[in-house]
Amino acid sequence: MNARVSKYWFYQGVGWGLFIFINAFFASTFDKFNAIFSGRLVIFVGLGICFSHLMRHAIIRSSLLIKPLQLQLIGFVLITVTFAMATGSLESLLTRLFYLRTYQEKTFTETKIIISNTFSSFVYFFMWNCIYFIYHFVEKNRRQQVDTLKLEALVRELELKTIKAHINPHFIFNALNSIRALIDENPGRARTAVTELSNILRSSMQAEKMETVPFEKELNIVKDYLALEYMRFEDRLRIEYDIDDGTLEQPVPPMMLQTLVENAIKHGISKELAGGTVKVSSSFRNNYHEMKVLNTGSLDGDRNGEGFGLASTENRLQLMFGDKAHFYINEIKGDMVEAKIQIPRTTSFA
Numbered sequence: 046m047n048a049r050v051s052k053y054w055f056y057q058g059v060g061w062g063l064f065i066f067i068n069a070f071f072a073s074t075f076d077k078f079n080a081i082f083s084g085r086l087v088i089f090v091g092l093g094i095c096f097s098h099l100m101r102h103a104i105i106r107s108s109l110l111i112k113p114l115q116l117q118l119i120g121f122v123l124i125t126v127t128f129a130m131a132t133g134s135l136e137s138l139l140t141r142l143f144y145l146r147t148y149q150e151k152t153f154t155e156t157k158i159i160i161s162n163t164f165s166s167f168v169y170f171f172m173w174n175c176i177y178f179i180y181h182f183v184e185k186n187r188r189q190q191v192d193t194l195k196l197e198a199l200v201r202e203l204e205l206k207t208i209k210a211h212i213n214p215h216f217i218f219n220a221l222n223s224i225r226a227l228i229d230e231n232p233g234r235a236r237t238a239v240t241e242l243s244n245i246l247r248s249s250m251q252a253e254k255m256e257t258v259p260f261e262k263e264l265n266i267v268k269d270y271l272a273l274e275y276m277r278f279e280d281r282l283r284i285e286y287d288i289d290d291g292t293l294e295q296p297v298p299p300m301m302l303q304t305l306v307e308n309a310i311k312h313g314i315s316k317e318l319a320g321g322t323v324k325v326s327s328s329f330r331n332n333y334h335e336m337k338v339l340n341t342g343s344l345d346g347d348r349n350g351e352g353f354g355l356a357s358t359e360n361r362l363q364l365m366f367g368d369k370a371h372f373y374i375n376e377i378k379g380d381m382v383e384a385k386i387q388i389p390r391t392t393s394f395a
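Printed below as a string of structure tokens:
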């Protein structure tokens, strides 16, 4: 509040200061700068500051700035006329009391002098109110734009959190069943599997707090995930990696690659009686960091189920990178499905 008041008085000082300077300059130029002119200037500026401040107070008290535009215009005119009449009348009184009338004014009637002063005051108060209303109109629009941007950012953040928080519960159940089966048969592998599952769950919780992670960290989660799925599919699942070491430090959205691998298992390998291959690759192509997940299977005309995984991938890329990132899923060689993500190579949101 204090900052707003200080800004208001600063603008008042600048505005009326310029008024004094301009009038004094032209009075000096035309050799009219004398005691009468100076006295009248002091009276008018003093009244102008007092009554413009009272106008502002009336505008605020009447909540005029938040009323419909038609009512604002009516209020604008009424306030300007009212305060101009008050200023014109008081100015006429003060110039008469202090003998500051010009030679020409001494030939006028008091009513004519009041009307003349009122008209002059109306012109200046009209300009003052125009500036005041325009300033608040622009400021109101600016605040609305800022509020809109903040709301959009909040919605974007909530969307990202909702998307990143998703983990297929069926995977957790399958992993726990596989671990239970290994407890007696292979306790060592069971302990390792618990660690792998713990890593995945921890990454899922941390994903809500981070925009990006190094690709190497994301790749380790994918390896843990595939290791757990291998317990379930055994020889029906063949895993391949083709990773350019230069991409390991590249920032990527957390759990995004894991989501595509999960999609490949769910809609690809699990539907093949003989199982199949899942291949994860990462490389640089032109100015993009390109990540691909290939799996045995076919799209069957439904983009591998069109489930939450693919939709979340597209939404996250759009929210984070706009049109600078790309996502494709295609059937290649008749028996393989390729999901491909391209992220700007030099972009980092870490």
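Following this note's numbering, the numbering of the sequence shown begins with 46 at its first residue and continues without gaps.
Every residue, glycine too, gets a C-beta built ideally from N, C-alpha and C.
Predicted model only: the values in this text are computed from it and were never measured.
Residue range of the unbroken alpha helix (DSSP H) whose run includes residue i
| i | result |
| --- | --- |
| Leu339 | Taken as a continuous stretch (DSSP letters only), Leu339 belongs to no alpha helix (DSSP H), being part of the beta strand (DSSP E) at Tyr333 to Thr341. |
| Gly91 | Ala80 to Arg106 |
| Tyr144 | Looking at the DSSP string, Tyr144 is not in any alpha helix (DSSP H), and its letter there is neither H nor E. |
| Tyr286 | No alpha helix (DSSP H) holds Tyr286; the beta strand (DSSP E) holding it covers Leu282 to Ile288. |
| Phe278 | Phe260 to Phe278 |
| Ile310 | Met301 to His312 |
Contact check, residue i vs residue j, beta carbons under 9 Å
| i | j | result |
| --- | --- | --- |
| Ala270 | Gln303 | Correcting the residue type first, residue 270 is Tyr in the shown sequence and not Ala. Yes, the pair counts as a contact, with Cβ atoms nearer than the cut-off. |
| Thr341 | Ile314 | yes |
| Leu339 | Val323 | yes |
| Ile88 | Glu155 | no |
| Ile104 | Ile124 | yes |
| Pro298 | Arg390 | no |
| Arg146 | Ile67 | no |
| Lys185 | Leu109 | no |
| Phe260 | Thr240 | no |
| Ile65 | Leu86 | yes |
| Ser161 | Phe153 | yes |
Nearest residue (CA-CA) to residue i, options the options
| i | options | result |
| --- | --- | --- |
| Gly320 | Arg277, Val297 and Leu221 | Arg277 |
| Tyr177 | Gln117, Leu145 and Asn162 | Gln117 |
| Asp380 | Met300, Lys316 and Phe366 | Lys316 |
| Asn235 | Ile245, Glu261 and Leu273 | Residue identity check: residue 235 is Ala in the sequence provided, not Asn. Of the candidates Ile245, Glu261 and Leu273, the one whose C-alpha sits nearest the C-alpha of Ala235 is Leu273. |
| Gly91 | Gly62, Ile67 and Leu109 | Gly62 |
| Val325 | Tyr333, Asn331 and Glu307 | Glu307 |
| Arg330 | Lys151, Leu355 and Ile388 | Ile388 |
| Asn265 | Arg281, Ile288 and Leu282 | Ile288 |
| Glu285 | Val267, Leu293 and Met301 | Val267 |
| Trp54 | Ser328, Phe70 and Arg101 | Arg101 |
| Asp368 | Leu355, Arg281 and Tyr333 | Tyr333 |
| Arg366 | Asn162, Val382, Glu256 and Arg187 | Looking at the sequence provided, one finds Phe at residue 366 rather than Arg. Here the closest residue by C-alpha is Glu256. |
| Glu376 | Leu318, His312, Leu364 and Gln363 | His312 |
| Thr163 | Val183, Ile179 and Val126 | Val126 |
| Gln363 | Gln57, Met301 and Lys378 | Met301 |
| Tyr56 | Arg283, Pro232 and Asn174 | Asn174 |
| Asp280 | Glu263, Gln115 and Leu318 | Leu318 |
| Val40 | His371, Lys262, Leu305 and Ala356 | Since the displayed the chain opens at 46 and closes at 395, residue 40 lies outside it and no answer follows. |
Unbroken beta strand (DSSP E) run spanning residue i, endpoints
| i | result |
| --- | --- |
| Lys324 | Gly321 to Arg330 |
| Phe372 | His371 to Ile377 |
| Gln387 | Met381 to Pro389 |
6 Å Cβ shell around residue i - same chain, five flanking residues per side excluded
| i | result |
| --- | --- |
| Ser166 | Ala129, Thr132 and Gly133 |
| Lys385 | Lys337 and Tyr373 |
| Ile310 | Glu274 |
| Leu139 | Ile88 |
| Val258 | Pro299 |
| Phe78 | Ala72 |
| Phe96 | Phe128 and Thr132 |
| Ser328 | Asp289 and Glu335 |
| His181 | Leu110 |
| Ile228 | Ala235 |
Own chain, CB closer than 8 Å to residue i, minus 5 neighbours either side, in chain order
| i | result |
| --- | --- |
| Val59 | none |
| Leu242 | Ile217, Ala220, Leu221, Ile224, Asp269 and Leu273 |
| Ser107 | Gly120 |
| Leu142 | none |
| Asn244 | Asn265, Ile266 and Asp269 |
| Ala238 | Ala220, Ser223, Ile224, Leu227, Ala272, Leu273 and Met276 |
Own chain, CB closer than 7 Å to residue i, minus 5 neighbours either side, in chain order
| i | result |
| --- | --- |
| Ile158 | Ser137 and Glu150 |
Cβ of residue i within 9 Å of any chain B Cβ
| i | result |
| --- | --- |
| Thr127 | Of the chains in the structure shown, none is chain B; there is only one protein chain. |
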